[in-house]
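Inspection log for the structure reproduced underneath, given as structure tokens.
There are 2 protein chains.
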Amino acid sequence: MTERLSEVETRSADGEPVNHRTIVGLRRRAKTEIRIIHAAVQVFAEQGIDAPVIDDFIKAAGIARGTFYNYFKSTDELLRATSDLLSEELITRIDKEIQMIKDPALRFGMGIRLWMRWAESNPQWCRFVARAWNSVKYDQPFKDIRECIRKKMFVVPDAYVAWDVLSGAIRQAMFKIGEGSVRRNYGDAVIHMCLQALGVREETKVQIMDMALPGAPGP
Amino acid sequence: MTERLSEVETRSADGEPVNHRTIVGLRRRAKTEIRIIHAAVQVFAEQGIDAPVIDDFIKAAGIARGTFYNYFKSTDELLRATSDLLSEELITRIDKEIQMIKDPALRFGMGIRLWMRWAESNPQWCRFVARAWNSVKYDQPFKDIRECIRKKMFVVPDAYVAWDVLSGAIRQAMFKIGEGSVRRNYGDAVIHMCLQALGVREETKVQIMDMALPGAPGP
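From first to last, the protein sequence lines are chains A and B. Reading the first sequence from the start, the letters are residues 4 to 222 in this note's numbering. Reading the second sequence from the start, the letters are residues 4 to 222 in this note's numbering.
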């Protein structure tokens, strides 16, 4: 399972585990696995999260039952892998959009704004991804948090706690969006609080919230 | 289900749903339901979250299968109810400890510190409660957030967003504690970021973090 998902657990200087699972891992995945996951996206979209059984997935992917079990032990495991793939795809698209921003605080801020914009326009995606949330530490945003702490742009106890607090807050926001019960500009309000949590200076916060987002469609 | 859990959905002035489920609701619950849930706490503690089947619960509670289904449709529903009860019990104990604090920001701050202290000493409880998290808006802390916003002690877009961000952050922290992979003083670090997210003034933050907690054992 660990190898399949290309997770590499290492230890950072302060002894905490670091999750280096990234897009690189995604590329390494077996083609058959990707094929099953892409079929699963369709099946989950059509039938919802809880209804599908393994037969639905093997039929949609056009594979034998034994092949399925080579990759996934259960539909729950497939749900997680599918949710991970959808998150990774969004992160990849966002990374492309923000790579030209040099300031790490602005880059990070633009990244979470793009994530939330996507979330707000896709309640079904939110239900799905929030449900099987893994709190993977994606490379670019995690690196940006560390750089911002080093440069005193973020004032937080450490990057790991910052990641937990922000990813928890954003996941809960995605649940709410998925329930369809949020107010106008909910995403901006959540980001506003996330930036406060990071101890971002007022003028940087304003700068982040004022940046023009690249035009839709996109992430 | 809604009636059983004594949830009353109303609308606040700004049109957002308010969840008034509280300890009052807890008292109204049928005795049999409480009995099933208390038996379930034991069963989940002994067998873990995913292993138990309905027969385990009816045997432990000493009830007929039909009776079980009068209260719960599935073990998943029972898991949620059990997690809710455990949260409500903790909230009740915390409410007692903090009721004499007059300042709403200090009261709220002490409340989340007591919650996190309990969480850090009970990783198994964390795994359990975080898994079936409902993000119920408990009366006292939600009232405190509103009062603090009114008095400009918290500077946030609105109380609902504040609740989502904090409950999401705390849930994620509980997952991490449940995994057993957190650093020393992790809970304090999370609370520190939560207070920043609320836009609490520096001196209030210091005051909250410096308050002596009532001695263990307790909440």
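Each residue gets a CB set at the ideal place from its N, CA and C atoms; glycine is no exception. As the structure is a prediction and not an experimental result, all values here were calculated from the model.
Spatially closest choice to residue i from the options, by CA coordinates
i                           : options                                : result
arginine 149 of chain B     : B:Ser138, B:Trp136, B:Val164, B:Ala135 : B:Val164
glutamine 127 of chain B    : B:Asp142, B:Lys99, B:Met177            : B:Met177
aspartate 167 of chain B    : A:Ile180, A:Val159, A:Met156           : A:Ile180
cysteine 223 of chain A     : A:Arg187, A:Ile211, A:Val185           : Any property of residue 223 of chain A remains undetermined from this structure, which presents chain A solely from 4 to 222.
phenylalanine 47 of chain B : B:Arg110, B:Val158, B:Glu92, B:Ala63   : B:Ala63
glycine 112 of chain B      : B:Glu36, B:Ile37, B:Met156             : B:Met156
glycine 218 of chain A      : A:Phe75, A:Trp121, A:Ile94, A:Glu36    : A:Trp121
alanine 43 of chain A       : A:Leu81, A:Asn137, A:Asn125            : A:Leu81
asparagine 137 of chain B   : B:Asp161, B:Leu89, B:Thr70             : B:Leu89
threonine 36 of chain B     : B:Ile66, B:Ala200, B:Val56             : The residue asked about is misnamed: residue 36 of chain B is glutamate in this sequence, not threonine. Minimum Cα distance to glutamate 36 of chain B is reached at B:Ile66.
alanine 215 of chain B      : B:Ala135, B:Leu109, B:Val158           : B:Leu109
phenylalanine 75 of chain A : A:Glu92, A:Glu91, A:Ile57              : A:Ile57
asparagine 125 of chain B   : B:Ala135, B:Leu93, B:Asp142            : B:Leu93
valine 158 of chain A       : B:Arg96, B:Ala200, B:Thr95             : B:Ala200
aspartate 79 of chain A     : A:Arg153, A:Phe131, A:Phe145, A:Ser184 : A:Phe131
arginine 2 of chain A       : A:Arg186, A:Lys154, A:Asp59            : Any property of residue 2 of chain A remains undetermined from this structure, which presents chain A solely from 4 to 222.
arginine 186 of chain B     : A:Pro107, A:Arg96, A:Pro160            : A:Pro160
serine 184 of chain A       : A:Cys151, A:Pro107, A:Cys129           : A:Cys129
arginine 1 of chain B       : B:Ala135, B:Ile152, B:Pro107, B:Lys208 : What the structure shows of chain B is the stretch from 4 to 222, and residue 1 of chain B is not part of that stretch, so it cannot be assessed.
asparagine 73 of chain B    : B:Glu206, B:Ala162, B:Ile39            : B:Ile39
alanine 95 of chain A       : A:Ser77, A:Leu169, A:Ala162, A:Gln143  : A quick correction: the sequence has threonine, not alanine, at residue 95 of chain A. Nearest C-alpha to threonine 95 of chain A: A:Gln143.
lysine 208 of chain B       : A:Thr207, A:Gly202, A:Glu206, A:His41  : A:Gly202
Buried versus exposed, by CB contacts within 10 Å (16 or more), residue i
i                           : result
serine 86 of chain B        : buried
glutamate 2 of chain A      : In the structure as shown, chain A begins at 4 and stops at 222. Residue 2 of chain A is therefore absent and cannot be evaluated.
lysine 99 of chain B        : exposed
histidine 195 of chain A    : buried
glutamine 45 of chain A     : exposed
glycine 171 of chain A      : buried
lysine 140 of chain A       : buried
aspartate 147 of chain B    : buried
glutamate 123 of chain A    : buried
serine 133 of chain B       : Note that residue 133 of chain B is alanine in the sequence shown here, rather than serine. Buried, by the Cβ-count rule.
arginine 174 of chain B     : buried
glycine 69 of chain B       : exposed
alanine 33 of chain A       : exposed
phenylalanine 60 of chain A : buried
threonine 25 of chain B     : For threonine 25 of chain B, the predicted structure reports a pLDDT of 44, less than 50, and the residue's modelled location is therefore unreliable. The matter cannot be settled from this model.
valine 27 of chain B        : At valine 27 of chain B the pLDDT is 45, less than 50, meaning the model places this residue with poor confidence and gives no usable figure here.
Chain B contact residues for residue i, given Cβ-Cβ distances below 7 Å
i                        : result
glutamine 199 of chain A : Gln199, Ala200, Gly202
valine 44 of chain A     : Ordered by position in chain B, no residue passes the 7 Å Cβ test against valine 44 of chain A, which lies about 24 Å from the chain.
Interface residues of chain B facing residue i [CB-CB closer than 9 Å]
i                     : result
valine 159 of chain A : Ala192, His195, Met196, Gln199
serine 138 of chain A : Gln175, Phe178, Lys179
Partner residues on chain A for residue i, Cβ-Cβ distance less than 9 Å
i                       : result
arginine 174 of chain B : Gly171, Arg174, Gln175
Contact set between residue i and chain A, taken where Cβ atoms lie within less than 7 Å
i                     : result
lysine 179 of chain B : Asp167
Chain B residues whose Cβ lies nearer than 8 Å to that of residue i
i                       : result
tyrosine 189 of chain A : Val164
CB contact check: residue i to chain D, cutoff 8 Å
i                      : result
proline 126 of chain A : Any reference to chain D falls outside this structure, whose protein chains are A and B.
- Message: Could you check whether the region 100-114 of chain B touches the region 44-59 of chain B, counting it as contact only if at least three pairs of C-beta atoms, one from each stretch, sit closer than 8 Å?
- Response: no
- Does the count of Cβ pairs from the region 104-119 of chain A and the region 183-194 of chain A closer than 8 Å reach three? yes
- Message: At 4 residues or longer, what runs of the alpha helix (DSSP H) sit wholly inside the region 57-113 of chain A?
- Response: 57-64, 68-74, 78-101
- Item | Ordered list of alpha helix (DSSP H) runs contained in the region 139-202 of chain B, each at least 4 residues | 142-153, 162-182, 189-200
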